[in-house]
Each structure stands twice: as structure tokens, then as C-alpha cells.
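The structure appears right after this line, and notes come after that.
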Amino acid sequence: MLRELRRRWGSYKYRFVPWLALNLRRQRRTLRYVPESSQDKIIADEDVFETLLKTFKALFINDFSRQADILAVLPEVKCQYLELLTVEQKQSEVNSCNHQGQRVFSPEEVLFNTLGFTVSRHRSSLVSAGTGVFVTKGFVPKGTVVSMYPGALMESLLMGTIKDSQDQCTGLAAEEINLALFK
Numbered sequence: 157m158l159r160e161l162r163r164r165w166g167s168y169k170y171r172f173v174p175w176l177a178l179n180l181r182r183q184r185r186t187l188r189y190v191p192e193s194s195q196d197k198i199i200a201d202e203d204v205f206e207t208l209l210k211t212f213k214a215l216f217i218n219d220f221s222r223q224a225d226i227l228a229v230l231p232e233v234k235c236q237y238l239e240l241l242t243v244e245q246k247q248s249e250v251n252s253c254n255h256q257g258q259r260v261f262s263p264e265e266v267l268f269n270t271l272g273f274t275v276s277r278h279r280s281s282l283v284s285a286g287t288g289v290f291v292t293k294g295f296v297p298k299g300t301v302v303s304m305y306p307g308a309l310m311e312s313l314l315m316g317t318i319k320d321s322q323d324q325c326t327g328l329a330a331e332e333i334n335l336a337l338f339k
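Its first residue numbered 157, the sequence shown is counted upward by one per residue in the working numbering.
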């Protein structure tokens, strides 16, 4: 009788809430424990800043003719972009000599040319998971910023496990630049 009870308990105990609460507190092998939020950095702030700066600078230069009006209104910003202005002026002189206009790339093309990959928003293949950001073209090296979400970030143990087993950059730790910012 005790054997039967132990066997049934073995299959039921994972659904038993007090057992879960007690064991999750004791066993930290399935949880990621972070004593301070300042220590919870997957990617250094400098790397994130560098990636954002590189991306936005490429987007800015890509459609520079439309940015010139904004720079005329903001002289303090214009001072920071004098180098970009001189490069653009030289390019427009060359283009006017060749009678060719500057080709403006789409934001996706700029992202691919700058970072080596593109992302887009799609519905998840998981039922009721909503819309997510997926890498649609190119290769994402490990540790690259891929997406950024405002507000609190929730880490799902299940999704983390799936991500680890597949070893792909489609989970929360991938950090993606949200394409919605560029449209």
C-alpha cells in the first residue's frame, strides 16, 4: 500500500502547489538567481549603446537628404554631424556629375547592411503567444543586441529551456532591435 501511495505521489507531486513552493525555494538549479537588479545584465550597456548608435547613424545617413531640414532647425545637433554633412555634400557633387540620384535603402536593408541581419514582427507559432520579433534574414552572432523591449522583461523558464535546447537567437536573451521603431 505504501509503495502504491509513493508511486502515485511521484506522479502527482509536480502539480502539488505547496510541494512546488517548497522545492523551488530550495533548488535553484532551474531558476536564475540575481541578488541585485544591477547584476542582471545579459549584455553590457556599452555594447547596447554602440549597436544602437551604429544602427541609427546608418539610418540617418541612408536618408540624409530628408534629415537636412531637421539639422537646419537644430544647430547644436548639426555641429555633431558636420562630418556627415561634408560626406553627404561630396556624395551629392559626385551624383550630380554622374546624373544619378542617391539610392535610399529600406530600413530592413540598412539593418542588414549594418548588422548583418534583419528582424520583423510576426505572430508566434505558439498558440496564444502573441506577436514577437523574429530574425528573418542573415546571421546573428552570439551576444548581439537583436531586440529591445520597453518596461519590465519577464523570463519564462519554459521558453528559456526551449531556446537553450535549440541554441538559436529567438528567445528573450537574444535582445533584438524592434523593427517597429524604424517604420
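Virtual Cβ for every residue (Gly too), placed ideally from N, Cα, C.
Computed from a predicted model, the values in this text were never measured in an experiment.
Length of the line joining the Cα atoms of residue i and residue j
i: residue 222; j: residue 272; result: 25 Å
i: residue 225; j: residue 191; result: 48 Å
i: residue 197; j: residue 281; result: 28 Å
i: residue 164; j: residue 158; result: 10 Å
i: residue 294; j: residue 229; result: 37 Å
i: residue 288; j: residue 261; result: 24 Å
i: residue 266; j: residue 218; result: 7 Å
i: residue 263; j: residue 166; result: 54 Å
i: residue 232; j: residue 285; result: 44 Å
Any chain C beta carbon closer than 9 Å to residue i
i: residue 267; result: The structure shown has no chain C; it contains just one protein chain.
Span of the alpha helix (DSSP H), counted from its first residue to its last, around residue i
i: residue 222; result: 220-229
i: residue 282; result: Premise fails: residue 282 is in no alpha helix (DSSP H) and is neither H nor E.
i: residue 265; result: 263-271
With 16 other Cβ atoms within 10 Å as the buried cut-off, status of residue i
i: residue 207; result: buried
i: residue 211; result: buried
i: residue 300; result: buried
i: residue 269; result: exposed
i: residue 220; result: buried
i: residue 274; result: buried
i: residue 162; result: exposed
i: residue 283; result: exposed
i: residue 205; result: exposed
Distance between beta carbons of residue j and residue i, contact taken as under 8 Å
i: residue 303; j: residue 292; result: About 12 Å separates the two Cβ atoms, so there is no contact after all.
Collapsed DSSP secondary structure at residue i in the structure displayed
i: residue 276; result: strand
i: residue 293; result: strand
i: residue 300; result: coil
i: residue 217; result: helix
i: residue 260; result: coil
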